[in-house]
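Chains as they are written, first to last, in our numbering: chain D, 1334 to 1658; chain X, 1334 to 1658.
Here the structure comes first, spelled out in structure tokens, and everything after it is commentary.
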């Protein structure tokens, strides 16, 4: 009988500590539930590994125990926390949760764009100060959004922003024209030349060697002083100290951040003190029902695996994401 | 030469105190600029009146001096502050600023809907407390929005909410089906029976005898405890004390308010103390350029008037808004 190891969080207070639906495999597979401490032992003889504890970095140190592993499924869109050289070089297939988060995250981005344009953060501050201050705000129709990352989340975001009348461009590995969702895609190497075009610069890219530190001090300096940075990709794609300085000195206008270089955001981060940020605790995709949906997505993929069919959402381990078909 | 009186605010510090573009009439009309104190005198012999000071209530008391007035143009979408019985009974034509505000206000509503679904207000509060609290938020795709008021602003709002995948219903004077923008329209008299359907109840109605107090304690009690009230119509359409109580006791979840029974919102209003409100100082439609656009809209209508053509945006004085063609 095939063996499926399931890594759950060590935190016993976690409300969704156990994925639902694993009883579907009864009589067809041995399911080994383990926390990170038990992972080395659980991996011995395991054919598949389900990372329900999706940001765990425990796999690398347990790797010598993976003596017959064929497949790892991660219940997250980004696999950067999992990936390491031996895994990339191995025959093990990695799949992820692509698909589920696209629409919720695209909605979060549209909400952040509107909240910035309509100055909701300032209205919330003025409420606590009992101040009635009329301002002229912005129309988003015709505003310009530049989306870094042309994967599934970036594409859904592009479609949603276009549906409300915004002008959209993409930023990808290679420049191209007439993309069905983005129209023009500029190369990430040329981002500095193009960043000034955007009213909203949105990072929807996975963390890879190409995107680490991509939104540098230079890119921030090239942005419009009123512009808005949205990050729903990974914190490490932004030079966070440079971002803090840009927000403090008027280099850019506002930042809506769902991800950070260190999470939870450390208590001494200067971001907490800024009025011109939205700090969201890495939850933009986690809409009601997310947990059950991610478990279901794994069960569906495991059914394919047990039946010998091709898996869904196979990650290109060199690129760090699921390539577009 | 025809005489056009232009009412400007008495507040000399007002940044947009004078409407631009009136020099267009030089040699073709006498333009009399006046503040509210000078209005009675300015109205004597005036053929037209432009209420640049659009919320002024000065016209009623100056009315006996209007000896040859044909036309009043109000630089606002709502004419409730202007309207009084003698004006309604007179032959004077009233026009308004319908059109300009539709899209900016629809964007404000969509922004408020997303901000409520994604809990941005709570994220702003947690930032000031340096708290990292992951929550499950909501997907707006498939959520239900009920829009009170089937005029131009309500329609643009319906179209925008549908464009992002929400389910929409209208509330109007008469029930009907297969409306091109709303689908189903329920009668405002039956609102209590239908209010529980909505995730978001949006007031986009003008203030008329039918809509004054429409969102009563009974309607609020019929709403879902997690539901969201958005008011971009008029404050007097809501029972504000009942709304405060509903927000305090969990009768509804959140309110995004751009209009209030008294404006500016009084310092002692309990709304300032609530965490589950967005207080916006009657500015949802006032996007950058609004002032110039409203002046231009008047100049265009005045050109039609000088040429003897039919005016744009003629208000049905009994209904209190521009009827749909």
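The beta-carbon is built from N, C-alpha and C at its ideal position, and this holds for glycine as well.
None of the values given here were measured: they were computed from a predicted structure.
- Within the stretch 1615-1638 of chain D, the residues whose Cβ lies closer than 9 Å to any Cβ of chain X are, in chain order, 1615, 1616, 1617, 1619, 1620, 1621, 1622, 1623 and 1624.
- DSSP places residue 1510 of chain D within a strand segment (E or B) once states are collapsed to three.
- Looking at the backbone, the Cα of residue 1421 of chain D and that of residue 1444 of chain D are separated by about 36 Å.
- Listed in chain order, the positions of the stretch 1435-1446 of chain X with a beta carbon within less than 9 Å of a beta carbon of chain D are 1436, 1437, 1440, 1441, 1443, 1444, 1445 and 1446.
- The contact set of residue 1486 of chain X on chain D, defined by CB atoms closer than 7 Å, is empty, because the minimum CB distance reaches about 14 Å.
- Proximity of residue 1497 of chain X to chain D, defined by a Cβ-Cβ separation below 8 Å, is satisfied.
- By the Cβ test, the stretch 1391-1402 of chain X is in contact with the stretch 1368-1377 of chain X, since at least three Cβ pairs between them sit closer than 8 Å.
- When secondary structure is reduced to three states using DSSP, residue 1466 of chain X falls in the coil class, being assigned neither helix nor strand.
- Burial state of residue 1573 of chain D is buried, judged by a 10 Å Cβ sphere holding 16 or more other Cβ atoms.
- Taking C-beta atoms as the reference points, residue 1340 of chain D and residue 1391 of chain D count as a pair closer than 8 Å.
- Taking a C-beta distance under 8 Å as the contact criterion, residue 1648 of chain D and residue 1412 of chain D qualify as a contact pair.
- In summary, the residues of the stretch 1452-1477 of chain X whose CB is separated from some CB of chain D by less than 7 Å are 1453, 1454, 1456, 1457, 1460, 1463, 1465, 1466, 1467, 1468, 1469, 1470, 1471, 1472, 1473 and 1474, in the order they occur in the chain.
- Per DSSP, residue 1417 of chain X is not a residue of any alpha helix (DSSP H), being assigned neither H nor E.
- For the 8 Å CB-CB criterion, residue 1588 of chain D and residue 1549 of chain D do not form a contact.
- In the structure shown, the three-state DSSP call for residue 1634 of chain X is helix.
- Between residue 1482 of chain D and residue 1538 of chain D the beta-carbon gap is near 3 Å, inside 8 Å, which marks them as a contact.
- Collapsing the DSSP output to three states places residue 1396 of chain D in a helix.
- Put simply, the CB of residue 1581 of chain X is far from chain D, with every gap to its CB atoms at 8 Å or more.
- Residues are counted here when their Cβ sits less than 7 Å from a Cβ of chain X; for the stretch 1415-1433 of chain D the count is zero.
- According to the DSSP assignment, residue 1578 of chain X belongs to the alpha helix (DSSP H) that extends over 1573-1582.
- Within chain X, no C-beta atom comes nearer than 9 Å to that of residue 1385 of chain D; the closest sits roughly 16 Å away.
- The C-beta of residue 1479 of chain D has 16 or more other C-beta atoms within 10 Å across all chains shown, which makes the residue buried.
- In the structure shown, residue 1615 of chain X adopts coil according to DSSP, grouped into three states.
- Neighbours of residue 1605 of chain X in chain D, taken as residues at a C-beta separation under 7 Å, are given in chain order as 1460 and 1463.
- Interface with chain D (8 Å Cβ-Cβ cutoff): residue 1448 of chain X is included.
- For residue 1342 of chain D, no chain X residue has a Cβ inside 9 Å of its Cβ, as the nearest lies near 13 Å away.
- Using a Cβ-Cβ cut-off of 8 Å, residue 1600 of chain D is close to 1463 of chain X, given in chain order.
- Judged by beta-carbon spacing, residue 1517 of chain X lies beyond the 8 Å limit of residue 1557 of chain X, meaning their Cβ atoms are not closer than that value.
- Taking 8 Å as the threshold, the shortest C-beta distance from residue 1611 of chain X to chain D falls below it.
- In this structure, residue 1570 of chain X sits near residue 1540 of chain X, with a CB-CB distance shorter than 8 Å.
- It is roughly 36 Å from the alpha-carbon of residue 1406 of chain D to the alpha-carbon of residue 1494 of chain X.
- Of all alpha-carbon atoms in X:1645, X:1635, X:1653 and X:1651, the one lying nearest the alpha-carbon of residue 1336 of chain X is that of X:1635.
- Residue nearest to residue 1650 of chain X within the set X:1388, X:1428, X:1350 and X:1496 is X:1428 (criterion: CA-CA distance).
- For the pair residue 1489 of chain X and residue 1435 of chain X, the CB atoms are nearer than the 8 Å cut-off.
- Close to residue 1493 of chain X, with beta-carbon spacing below 8 Å, are these residues of chain D in chain order: 1497.
- Less than 8 Å separates the beta-carbon of residue 1604 of chain X from that of residue 1598 of chain X.
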